[in-house]
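Trainee: Chains as they are written, first to last, in my numbering: chain X, 11 to 401; chain U, 13 to 176.
1. Taking only three categories from DSSP, how would you classify residue 139/X?
2. Considering only C-alpha positions, which residue in the set 114/U, 102/U and 149/U is nearest to residue 179/U?
3. Residue 334/X: buried (16+ other C-beta within 10 angstroms of its C-beta) or exposed?
4. Using a Cβ-Cβ cut-off of 7 Å, state whether residue 207/X counts as contacting chain U.
5. Beta carbon of residue 179/X, beta carbon of residue 294/X: below 7 Å?
6. Just list the beta strand (DSSP E) runs in the stretch 84-112 of chain U, keeping only unbroken ones of 3 residues or longer that don't cross its boundaries, in chain order.
7. Let me make sure I understand the geometry here. Which of 114/U, 74/U, 118/U and 111/U has the alpha-carbon closest to that of residue 98/U?
8. State the DSSP-derived secondary structure class of residue 161/U, mapped to helix, strand or coil.
9. Which residues in the same chain as residue 223/X place their Cβ atom closer than 6 Å to its Cβ, once the five residues preceding and following it in sequence are excluded?
10. Would you mind working out which of 269/X, 79/X, 316/X and 49/X sits nearest residue 176/X, comparing C-alpha positions?
11. Report the residue from 83/U, 128/U, 149/U and 160/U whose alpha carbon sits nearest the alpha carbon of residue 138/U.
12. Please check if any C-beta of chain U sits within less than 7 Å of the C-beta of residue 289/X.
13. Looking at chain X, is there any beta carbon in it that lies within less than 7 Å of the beta carbon of residue 135/U?
14. Alpha carbon to alpha carbon, what distance is there between residue 157/X and residue 77/X?
15. Restricting to runs no shorter than 3 residues, where is the beta strand (DSSP E) found entirely within the stretch 320-348 of chain X?
16. Taking C-beta pairs closer than 8 Å, name the residues in chain U that residue 124/X reaches, listed in chain order.
17. Could you spell out the range, first to last residue, of the beta strand (DSSP E) harbouring residue 100/X?
18. Select from 400/X, 79/X, 38/X and 168/X the residue whose C-alpha is nearest the C-alpha of residue 62/X.
19. So which residues on chain X does residue 120/U lean against when the C-beta distance must stay under 7 Å?
20. Output yes if chain X places a C-beta closer than 7 Å to the C-beta of residue 156/U; else output no.
21. May I have a chain-ordered list of the beta strand (DSSP E) segments no shorter than 3 residues that lie completely inside the stretch 175-239 of chain X?
22. In chain U, which residues lie less than 7 Å from residue 368/X when you measure between Cβ atoms?
23. Helix, strand or coil for residue 353/X? Go by DSSP, reduced to three states.
24. For residue 108/U versus residue 161/U, is the C-beta spacing smaller than 7 Å?
25. Using a Cβ-Cβ distance cut-off of 7 Å, determine whether residue 114/U contacts chain X.
26. Any idea if residue 252/X is buried or exposed, counting beta-carbon neighbours within 10 angstroms, 16 or more meaning buried?
27. Would you please state the rounded distance, in angstroms, between the beta carbons of residue 275/X and residue 165/X? I believe it to be under 8 Å.
28. Would residue 369/X be called buried (16 or more neighbouring beta carbons within 10 Å of its own) or exposed?
29. Hey, could you find the ends of the beta strand (DSSP E) residue 62/U is sitting in?
30. Are the C-beta of residue 389/X and some C-beta of chain U separated by less than 7 Å?
31. Would the beta-carbon of residue 69/X fall within 7 Å of that of residue 233/X?
32. Compare the C-beta of residue 67/X with all C-beta atoms of chain U and state if any pair is closer than 7 Å.
33. Residue 304/X to residue 310/X, Cα distance in whole Å?
34. Let me check understanding here. Comparing Cα to Cα, which of 328/X, 379/X, 205/X and 308/X lies closest to residue 301/X?
35. Mind checking if residue 96/U is an interface residue toward chain X, Cβ cutoff 7 Å exclusive?
36. Closer than 7 Å by beta-carbon distance: list the chain X residues that pair up with residue 130/U, in chain order.
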């Protein structure tokens, strides 16, 4: 079963796309196709399965080149709408991180902090075409004489803007609960004391890396849907952990694979890139991400056919365990259970709430499907696959 | 036939019992009147006070759930209007900005009355303003602040006016 029995190549798929007769289905559709027809027929019939996810993804940000001025400047401290960006790159390059709060934000001094505006919001405002107050300081050199800069800019004014997210598309993520006696505010949302609610953050069967659990098709150079434009996988993401425990179908049971993704911010849309404020935690950016999975083999067809009933995650206590590095999951639950609205933990029914939008994830998978059908999105063969589990 | 009759019967019962949540503003001179008592006693209306801020010789506000037969509720509301109470459906003061909302569903975990809920077939996140009790918990939980409720200011402005 482990042996890849080649069904089709990237070239053959792209030929079919050009000829207009490629069969493209979404990951949700593939689950029922495999269930109804069996994996062999499904693998023969379907060329590409499209996936999608839209949720807050903290490790996101943008490389922004602000253009030179006269006299020239080597910016060392940079702010966009009072949100600090990292300026230690080169003369007028900066990296604006999505989780950076505005400098005058009261943070958690008034607990739980609201975090109304941060790096993610600047990125969204740039995409909305809004003017942004750019401020910078410099120490001045013979070649870069200016010491300060203050002006309004829009995305159009920037010579270069690259969305560059070092860790997106988490393959699976914890379901969060709180076993302690006080409410906690986490990146997984507000968790009421005494196991009174649970949150989770994955699109389940629609999620890109759930559909390619061993990274047989995703690698450096994989063309993807990113923020409403075409972007690329450029490396495996930070915290990429392929060697975690997997189900008998090969799907990770805990957070595992991640992707580094990039794309031209100027081509993106604020519909798919949204600044977020997480109460008591901070700022982030919700990013729309979709990856086409070519059905190269029976094995890949099998993986894309796995539905929410067979995708599992761990229920983790964020009141104490997570913060203290205790790895002691309370339970293992399926995404079908999570999506039903309640799970049973320690004999108690607990209401679940998602943080990842299934509606938007489905829309992304549909857009990708249409774009491939129209021939506007060709599949790219990766130069190198991202690291898989040790044999 | 029996089933149809039953269905009709149920429909008529539902038409008769009327449940609505109102946002009420009391003028200064009503604050010493037993308004709620009158609603219950004289108009046979079931009430549930969800939020209230009423002090003597001040303008007061209240979020009130009213339940009763259509005619009783009509009379009760007429009584309130007569004594100068400003009546508005709470639903008219609460809205979701659908351009901002990306239907993540975080709000559905905190809404105590399922006014914000998920349609399980397609996981769409929906909002039913008629069910909203104005508790405001969703306002800050929403990561894109898509929920809008024009009560907080009213509450605050009244506090500010009275302290002058």
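Even for Gly, the Cβ is constructed at its ideal location relative to N, Cα and C.
Mentor: In this structure, then:
1. coil
2. This structure gives no information on residue 179/U, because the portion of chain U shown stretches from 13 to 176.
3. exposed
4. yes
5. no
6. 98-101 and 106-108
7. 74/U
8. strand
9. 260, 261 and 313
10. 269/X
11. 128/U
12. yes
13. yes
14. 15 Å
15. 322-327 and 341-344
16. 152
17. 93-100
18. 38/X
19. 363
20. yes
21. 185-187, 194-196, 199-201, 208-210 and 233-236
22. 135
23. strand
24. no
25. yes
26. buried
27. 7 Å
28. buried
29. 58-65
30. no
31. no
32. no
33. 8 Å
34. 379/X
35. no
36. 351
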